[in-house]
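Numbering (our numbering), first residue to last: 258 to 659.
Each residue gets a CB set at the ideal place from its N, CA and C atoms; glycine is no exception.
Take a look at the structure set out below.
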Ligand code: CTP
């Protein structure tokens, strides 16, 4: 299915004749579910109207830094951060040159310089301009800067000449964007078991021992693997999150219930990812009625729960890959390496709570992926991005071993 659902695309339109094709491109992007924000250079208005582009994109088009009559300015930083993908089509020789040199004299270039997402350009100009030394130099610089270049098509040009320089048809540019943004189904046919959230160990009918795990990391992992085509089963402790899309889910409360659910699901799993913060100890007895307050002090006897991860690892099926999590507050790397070794895992996702923005309840995390032969320290990023990194690392590992 062609879907760009929920993708945020910035379309920069610069002033060349091929701009007349952009309303059709916007229409295709919007039809496939993308949210499109158009930015035009001042000269683009000579080839296509802002009214047409705002109608098809269903959003006002941005051109100027300043909206004098309202005393407002357009925040290019916000636009740059908003986008998942920035497509500049058509990209004229002048726009390519300014991008390569960082000459920020219009909103499109300022937004380009502020953007953090992938940027693609579709150069469109007359053949001789395209083949000029300057344009070639600029395109080389842009490629080195990580910009994707959509090869221009050949054919009749506005000048009457025949040759390369045409902007490809909207459907071809659309396919290019789709190929880049639609996730590849790397884990299609694979069954993945993910645990998430805390466990609650009851003392009596109204009280429990729990922990601060929000479940966000495990839910992000489940959702990411489902997007990559896997058949995901999530075993979730009590959390306040909506179920991830396209995942089967078993909701549990206690470590014992999580163990039972994992025993059932693990037999057929190709990949097991244990992100849950499972209680290590549980009250030895659970009172049938609410415990009444009596003495000044109150002691509770706890017994060890079964380490689910260790049990599944000890009963590992052929070709099964198992990933554990480690939350450490001291000697993090040393303990994480020991966990990898003792529990016989393929990867440990290590988390230290040391960095601000890391750990419980936040949408971001700072982790190190610990493998048998190396470590990969990731910068502070969203839990969804970490889930992507875990999936990519695992994919590489599984395909290296095969
Ligand atoms: N885990 C589990 N079952 C348990 C306890 C932990 O499956 N009863 C899993 C967690 O989901 C996590 C990993 O084990 O993936 C790490 O848990 P942690 O409690 O940090 O490790 P321990 O080996 O229990 O070591 P310690 O508590 O001493 O750090």
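Asked, Found
"Terminal residues of the continuous alpha helix (DSSP H) containing residue 549?", "Neither: residue 549 is in no alpha helix (DSSP H) and is coded neither H nor E."
"What is the rounded straight-line gap between the Cα of residue 378 and the Cα of residue 443?", "27 Å"
"Could you pull out every unbroken beta strand (DSSP E) segment of at least 3 residues lying fully inside the segment 470-523, listed in chain order?", "488-493 and 504-508"
"Once you ignore the five residues that flank residue 561 on each side, which residues in its own chain have a CB closer than 7 Å to its CB?", "537 and 538"
"Looking only at its own chain, which residues have a Cβ that is under 7 Å from the Cβ of residue 440, when we skip the five neighbours before and after it?", "484 and 485"
"Going by CA-CA distance only, name the one from 423, 403 and 624 that's closest to residue 212.", "In the structure displayed, the chain extends from 258 to 659; residue 212 sits before or after that span and is not available."
"Please report the straight-line C-alpha distance between residue 411 and residue 419, rounded to a whole angstrom.", "7 Å"
"With residue 427 and residue 281 assumed to form a contact (beta carbons below 8 Å), what rounded beta-carbon distance in angstroms separates them?", "4 Å"
"Verify whether the separation of the beta carbon atoms of residue 334 and residue 371 is less than 9 Å.", "yes"
"Select from 397, 510 and 546 the residue whose C-alpha is nearest the C-alpha of residue 468.", "510"
"With a threshold of 16 other CB atoms inside 10 Å of the CB of residue 525, please say whether the residue is buried or exposed.", "exposed"
"With DSSP collapsed to three states, give me the class of residue 407.", "coil"
"Going by Cα to Cα distance, which pick from 481, 290, 272 and 274 is closest to residue 263?", "290"
"Is it the case that the Cβ atoms of residue 493 and residue 534 are separated by a distance below 9 Å?", "no"
"Residue 507: beta carbon under 8 Å from a heavy atom of the ligand CTP?", "no"
"The ligand CTP and residue 600: does any heavy atom of the ligand fall closer than 8 Å to the residue's C-beta?", "yes"
"Can you find the residues in the same chain that come closer than 6 Å, C-beta to C-beta, to residue 573, ignoring five residues on each side of it along the sequence?", "none"
"Taking the alpha-carbon positions, what's the residue 279 to residue 482 distance?", "34 Å"
"Less than 9 Å separating the beta-carbons of residue 530 and residue 478?", "yes"
"Consult DSSP for residue 468 and reduce its assignment to one of helix, strand or coil.", "coil"
"Report the three-state DSSP secondary structure of residue 647 (helix, strand or coil).", "helix"
"Going along the chain, which unbroken runs of the beta strand (DSSP E) with 3 or more residues stay wholly within the segment 557-615?", "559-561, 578-584 and 604-608"
"With respect to 8 Å, is the separation between the Cβ of residue 596 and the closest non-hydrogen atom of the ligand CTP below this value?", "yes"
"Cβ atoms of residue 497 and residue 471: under 9 Å apart, would you say?", "yes"
"With a floor of 4 residues, list each alpha helix (DSSP H) that falls wholly inside the segment 356-387, ordered by position along the chain.", "364-371"
"When DSSP labels each residue in this structure, what does residue 285 get in the three-state scheme?", "helix"
"Hey, how far is the Cα of residue 438 from the Cα of residue 261?", "7 Å"
"Alpha carbon to alpha carbon, how far is residue 593 from residue 527? Give it in angstroms, no decimals.", "23 Å"
"Pop quiz: residue 319 and residue 309 are said to be a contact at Cβ under 8 Å. What is the actual Cβ separation, rounded to whole angstroms?", "About 15 Å; that fails the 8 Å criterion."
"I think residue 597 touches residue 519, with their Cβ atoms under 8 Å apart; what is that distance to the nearest whole Å?", "Not really, about 19 Å apart at Cβ, beyond 8 Å."
"My understanding is that residue 301 touches residue 272, with C-beta atoms under 8 Å, so please give their C-beta distance in whole angstroms.", "5 Å"
"Let me confirm a value: residue 366 is counted as buried when at least 16 other C-beta atoms fall within 10 Å, else exposed. Which label applies?", "buried"
"Would you mind reading off the limits of the alpha helix (DSSP H) that contains residue 420?", "Here residue 420 belongs to no alpha helix (DSSP H); instead the beta strand (DSSP E) covers 419-423."
"Is the closest heavy atom of the ligand CTP to the C-beta of residue 251 under 8 Å?", "Since the first residue of the chain shown is 258 and the last is 659, residue 251 is not available in this structure."
"Roughly how many whole angstroms lie between the Cα atoms of residue 480 and residue 507?", "15 Å"
"Kindly examine the ligand GDP and report whether one of its heavy atoms sits closer than 8 Å to the Cβ of residue 534.", "What this structure holds is the ligand CTP, not the ligand GDP."
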